[in-house]
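Enquirer:
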Amino acid sequence: MSDWESASAARVLPPARPRKLAKVPFVELADGRLQGVVSSGSDIERVYVSSVAAGSYEFACSTNNNRPCGGARGYFCNHIGALITEAVLQYGVARVARYLRVDAEDMDAEAIRSLMLGARPSQADSAAAAQVFSRFLRHLAYVELPATTSPLPELQWFPTTRAVV
Amino acid sequence: MVPDDQGGGVMRADLLADPVDGVDEVLAVVAGADQALVAGLLRPQPAQAAGLVALAEAVAGSPLGAKVAEAAEKAAAGAAGEEHFLSLAASRIALFGSVHDALMARIEQATGRAQADSGGAVSGGGQAENLLLAARSWLADLARAGWQGIDHELVSGAEPVITALLPEPRLRRLAAVLDGFAAELAASCPGSALERIPVRRWGDLWSRALLLTLPGATEVPVSTVTGRLLPLGVDLHEHATAAQAQVHAVFEPADGGTPLLVRASVSAPKPDTIIGAGIWQLLRPHLSLLTAVSEGRSVELTDMPITAEGDLLWRDEHARSGEPADPFVTARVALPAASALPTAPLDRHPARIAVPVFLEGYLAEQSGEALTFSLAGRSIAVDTDRVPAAGPLTPEAVAASNACIGLLRWDAGTFRVQPLAVETTARKKTVALHAGAWAGGAADKVGVKAEKAATDAATVLRERAGRLLRK
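Chains C and Z, in that order, give the protein sequences. With the working numbering applied, the first sequence has no gaps in its numbers, which climb one by one up to 165 at the end. With the working numbering applied, the second sequence has no gaps in its numbers, which climb one by one up to 471 at the end.
#1: Taking Cβ to Cβ, would you say E238 of chain Z is nearer than 9 Å to T160 of chain C?
#2: Under 9 Å between C-beta atoms, does V398 of chain Z make it to chain C?
#3: Which residues, taken in chain order from the region 141-164 of chain C, show a beta carbon closer than 9 Å to some beta carbon of chain Z?
#4: Does A9 of chain C get closer than 9 Å to chain Z when you measure Cβ to Cβ?
#5: For S42 of chain C, tell me which candidate among C:A147, C:T63, C:A10 and C:P14 has the shortest Cα-Cα distance.
#6: What does a CB cutoff of less than 7 Å around R200 of chain Z pick up in its chain, not counting 5 residues either side in sequence?
#7: Can you check whether the C-beta of L137 of chain C is within less than 9 Å of a C-beta belonging to chain Z?
#8: Rounded to whole angstroms, what's the CA-CA distance from D347 of chain Z to D204 of chain Z? Just pull it up for me.
#9: Looking only at C-alpha atoms, which of Z:P231, Z:G257, Z:A240 and Z:I274 sits nearest to A264 of chain Z?
#10: Using a Cβ-Cβ distance under 9 Å, would V460 of chain Z count as near chain C?
#11: Can you name, in chain order, every residue of its own chain whose Cβ lies under 7 Å from the Cβ of R228 of chain Z, other than the five neighbours on each side?
#12: Need the endpoints of the beta strand (DSSP E) that I306 of chain Z sits in, please.
#13: Ignore the nearest five residues each way along the sequence and tell me which others in A344 of chain Z's own chain have a CB closer than 8 Å to its CB.
#14: Which class does G7 of chain Z belong to by DSSP, given the choice of helix, strand or coil?
#15: Please list, in chain order, all residues of the same chain as W477 of chain Z whose beta carbon is under 6 Å from its beta carbon, the five residues on each side excluded.
#16: G78 of chain Z and P44 of chain Z: beta carbons closer than 9 Å?
#17: Show which residues of chain Z have a CB atom less than 8 Å away from the CB atom of V12 of chain C.
#18: Tell whether a beta-carbon distance below 9 Å holds between A128 of chain C and Q35 of chain C.
#19: Can you tell me the Cα-Cα spacing of T273 of chain Z and V49 of chain C, whole angstroms?
#20: Please state whether DSSP places P146 of chain C in a helix, a strand or coil.
#21: Which same chain residues, not among the five before or five after A54 of chain Z, have their C-beta less than 8 Å away from its C-beta?
#22: Using a Cβ-Cβ cut-off of 8 Å (strictly less than) and excluding sequence neighbours within five positions of M1 of chain Z, which residues of its own chain qualify?
#23: Taking A164 of chain Z as the reference, give the member of C:Q156, C:V27 and C:L145 with the closest Cα.
#24: Whose C-alpha, out of C:A54, C:A163, C:C69 and C:P68, is nearest the C-alpha of I84 of chain C?
#25: Quick check on the DSSP output: the beta strand (DSSP E) that includes F415 of chain Z runs from which residue to which?
#26: Quick one: what's got a C-beta closer than 7 Å to R386 of chain Z's C-beta in the same chain, skipping five residues either side?
#27: May I ask you to verify whether the region 433-440 of chain Z touches the region 276-286 of chain Z, counting CB pairs closer than 8 Å and requiring at least 3?
#28: Does DSSP classify D31 of chain C as helix, strand or coil?
#29: Pull up the distance between the alpha-carbon of A110 of chain Z and that of P356 of chain Z, whole angstroms please.
#30: Going along the chain, which residues of the region 377-408 of chain Z sit with their C-beta nearer than 8 Å to a C-beta in chain C?
#31: For the structure I just gave you, are there three or more beta carbon pairs, one from the region 131-144 of chain C and one from the region 87-101 of chain C, closer than 8 Å?
#32: Starting from I274 of chain Z, trace the alpha helix (DSSP H) in both directions and tell me its first and last residue.
#33: If you measure between the beta carbons of S267 of chain Z and A176 of chain Z, is that distance less than 9 Å?
#34: Terminal residues of the continuous alpha helix (DSSP H) containing K429 of chain Z?
#35: If the cut-off is 9 Å on Cβ atoms, which residues from the region 300-315 of chain Z count as contacting chain C, listed in chain order?
#36: Could you round the C-beta distance between H94 of chain Z and A72 of chain Z to whole angstroms and report it? I think they count as a contact, below 8 Å.
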C-alpha cells in the first residue's frame with residue numbers, strides 16, 4: 001500500500017480557492033453538471049439559476065421565479081459564461097475541465113466555454129433549476145448554523161492544507 | 001546541542017525513529033479488513049472473507065470477540081445486517097485503540113511526560129433516535145456497495161440525513177464527519193472509475209461515523225477547573241463545509257495541583273466559499289480565547305467545564321483575559337511539568353494524537369518538498385502542509401527556524417511534527433511567528449487585506465441568505 005492509501009489524513013479534495021462572490025454567489029460541480037446561481041445585474045431580488053451538463057454540455061438558464069433567461073436562446077448566455085469563469089477560479093481549470101469532460105486541462109475558462117459551444121450543445125428544459133436553487137438555499141443555510149465549543153475529534157481527519165492539488 | 005537528559009519539554013527524536021512493536025501486525029489486519037470494503041459486502045469474494053475473519057481473530061480474546069466472529073461470518077456470506085457492521089466497525093476501532101496506546105507509550109518515553117489520572121465513566125446506552133438510525137442505514141448501504149460501487153444516487157442519500165443532523169449541536173460530531181465524508185465520496189463517483197482509493201481513511205471515517213450512531217457514544221464525564229490558562233498555539237481543521245480551531249494550552253490549577261495539557265475548541269459548519277481568514281472570522285465570536293491567543297495573553301478560568309480527556313467546554317462567562325504570556329516561555333517553562341489526561345476510548349486512534357512538544361537546537365534540512373529537523377543525529381519529519389495559509393507562519397520560516405512549538409502526530413507509519421509557532425533570528429533579533437496569529441484578528445498588512453476580502457465574501461452570503469432563505 002502507498003503512503004496515501006495507508007494515511008488516515010490522506011488529502012482527497014483540494015481546498016477551494018478564494019474568489020469574489022458578488023456576481024456568482026454559488027457554483028458547484030454536482031449532479032453531473034456545472035451549476036450555480038448568478039446575481040442579476042439590475043434587480044437585487046432576482047437571481048439566475050444556470051447549469052451546463054457534463055459530457056453533453058446541455059445548458060439551461062432561468063430566473064429563480066422560473067422565467068427563461070432571454071440570453072440563453074440557442075447559445076450560452078452571459079450568466080453561463082460567468083458561471084464557468086467563477087468555477088475555474090474556485091476549483092482550478094483542470095478540475096472543471098475533467099468534470100465537464102472537456103479536453104482543456106492546460107487552458108482557461110474561455111477555452112472551456114468555446115470548446116463546449118463548438119460541440120453545438122442543445123438547450124435543456126428548466127427542470128433542473130428548482131433542484132439547483134434548492135441546493136443553493138441549502139448552501140446558504142450553512143451560514144446560519146450554530147457554532148459549538150464541544151470538540152469534534154473527527155475533524156482531526158480533516159487537517160487544513162496549503163496544498164493546491 | 002540540547003542535552004539528552006533535559007526535562008519533559010524537549011523531545012528525544014531517536015526514540016521516535018525506532019519501530020513500535022506490534023503496530024505493523026495490527027495494521028496488516030486492518031488493511032485486510034479495509035480491502036473487504038473496497039469491493040463491498042453485497043457478494044463478498046473469498047479474499048474479502050479472509051480479511052474479515054482475520055479481523056475477528058485479532059479481537060478474539062477481547063469482550064468483542066464473539067460478536068465480531070458472528071459479524072465476520074455473516075458479512076463473509078453477504079448477509080450482514082446493521083448490527084454486524086457495527087460490530088466490525090467497533091473491532092476496527094478497538095484495534096486502532098491498541099495502536100494509539102502503543103504509540104502514546106512511545107511518545108511518553110520520548111517526551112518524558114507522565115499521564116495524569118482521570119476519574120469517572122459514563123453509562124452510555126439509551127434509545128437511538130430516528131436520525132441516528134437513518135445515518136446508520138446509509139452507512140450500511142455504503143459498506144454493501146463498497147468504495148468501487150459508489151454512485152451519485154447512493155452518496156446523495158446522505159444529504160437529507162446530514163441536513164437534519166446539522167442544526168442539532170448535540171449531534172454535530174456525526175454531522176460533521178458525515179458531511180466531509182459524503183463530499184469526498186461525491187467527488188469520487190463513480191467508484192468503478194477510481195484509479196486509487198484512500199482505503200485507510202475511508203475505513204476510518206466509515207467506522208467512526210457508524211459508532212457515532214450508537215446512543216451515548218459521545219457522552220464524556222465533565223468536571224470544572226479554576227486557574228490560569230497559558231496558550232501554546234492553534235491547530236486548525238477544515239473540510240469544505242466545516243472548520244474547527246483547537247487551542248492547545250497548559251492549564252495551571254489555582255490550588256497548586258499538577259499543571260495539565262488541555263485544549264479548547266470551537267467549530268462551525270460553513271459554506272465552502274468561506275475559507276482562509278474567513279474561517280477565523282467565523283469562529284472568533286464564539287471563543288474569546290482566540291483573541292487572547294492573538295494578543296499573547298493568558299486567560300483566568302473560573303469553574304470552566306472540562307472533559308475527562310482534557311477538552312475545555314468553553315463558555316466565555318467563565319473566562320477573563322489575564323496577564324501577557326509568551327507561548328515560547330510557556331513551552332520552555334510550563335510545558336515540561338504538564339501532564340496529559342487519558343484519551344476517551346472512542347477517540348483512541350493514531351489520527352487523534354496531537355501532543356504539544358517544544359524543539360530547539362535542531363538542524364532544519366530541506367530536501368525537495370520534505371523538511372526534517374535533525375536532533376542529536378536523528379531526524380524527524382516536519383509537516384508544514386498543516387500550517388494554515390491564513391497566518392504569518394510559512395514553510396520557509398519553519399525551514400529557517402531555530403526553535404519550534406509543535407504537535408507531535410503519527411500517520412502512515414511515521415511520526416511528524418506539525419509546527420504551531422517558530423522562533424527565527426532576523427538581524428540578530430529573535431522573531432516569533434505563530435500559525436494562529438490571525439485567529440483573534442490580523443494586525444499585519446497582509447492579514448488585514450485577507451480579512452477585508454473574507455468580510456466581503458461573508459457579507460454577500462449573509463445578504464443573499466437574508467433575502468432568499470425566508471421566502
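The beta carbon of each residue, even a glycine, is placed where N, CA and C say it ideally should be.
Expert: Based on what the coordinates show:
#1: In contact: E238 of chain Z and T160 of chain C (Cβ atoms closer than 9 Å).
#2: At a cut-off of 9 Å between beta carbons, V398 of chain Z makes no contact with chain C.
#3: Residues A141, Y142, V143, E144, L145, P146, A147, T148, T149, S150, P151, L152, P153, E154, L155, Q156, W157, F158, P159, T160, T161, R162 and A163.
#4: It does: the Cβ of A9 of chain C has a partner Cβ on chain Z nearer than 9 Å.
#5: When each option's Cα is compared against that of S42 of chain C, the closest is C:T63.
#6: Short of 7 Å from the beta carbon of R200 of chain Z, and not among the five residues preceding or following it, lie these beta carbons of its own chain, in chain order: D34.
#7: Yes, because at least one Cβ of chain Z sits closer than 9 Å to the Cβ of L137 of chain C.
#8: In a straight line, the C-alpha of D347 of chain Z is about 12 Å away from that of D204 of chain Z.
#9: The residue with the shortest Cα to Cα distance from A264 of chain Z is Z:P231.
#10: True, the Cβ-Cβ gap to chain C drops below 9 Å.
#11: Hits under 7 Å: E252, S298, E300 and G322.
#12: I306 of chain Z -> beta strand (DSSP E) spans R297 to T307.
#13: The answer, listed in chain order, is V220, T307, A308 and E309.
#14: The predicted position of G7 of chain Z is uncertain, since its pLDDT is 43 and thus under 50; no value can be drawn from it.
#15: A query on residue 477 of chain Z cannot be resolved here, the shown segment of chain Z reaching from 1 to 471 and no further.
#16: Cβ distance < 9 Å, so G78 of chain Z and P44 of chain Z count as in contact.
#17: Those are E184, A187, S188, P198 and R201, listed as they occur along chain Z.
#18: Closer than 9 Å, so yes.
#19: The alpha-carbon atoms of T273 of chain Z and V49 of chain C are separated by roughly 18 Å.
#20: Coil.
#21: Cβ within range, chain order: V29, G32 and A33.
#22: With a pLDDT of 38 at M1 of chain Z, under the threshold of 50, the predicted position of this residue should be treated as unreliable, though the coordinate-derived value follows. Hits under 8 Å: G361 and A376.
#23: Minimum Cα distance to A164 of chain Z is reached at C:L145.
#24: Checking every option, the nearest Cα to that of I84 of chain C belongs to C:A54.
#25: Note, F415 of chain Z: beta strand (DSSP E), T414 to A426.
#26: Within the same chain, R386 of chain Z has close Cβ partners Q418.
#27: These segments touch.
#28: Secondary structure of D31 of chain C (DSSP, three-state): coil.
#29: The straight-line gap from Cα to Cα measures roughly 12 Å.
#30: Taking 8 Å as the Cβ-Cβ cut-off against chain C, the residues of the region 377-408 of chain Z that qualify are T384, D385, R386, V387, P388, A389 and P395.
#31: As far as the Cβ criterion goes, the region 131-144 of chain C does not touch the region 87-101 of chain C, which means the pair count is below three.
#32: Counting along the chain, I274 of chain Z falls outside any alpha helix (DSSP H), and DSSP gives it neither H nor E.
#33: Yes, they are a contact pair.
#34: For K429 of chain Z, there is no enclosing alpha helix (DSSP H); the residue is part of the beta strand (DSSP E) that begins and ends at K429 to H434.
#35: The residues in question are T307, E309, D311, L312, L313, W314 and R315.
#36: Checking the displayed sequence, the identity of residue 94 of chain Z turns out to be Ala instead of His. Contact flag wrong, Cβ pair sits at about 14 Å.
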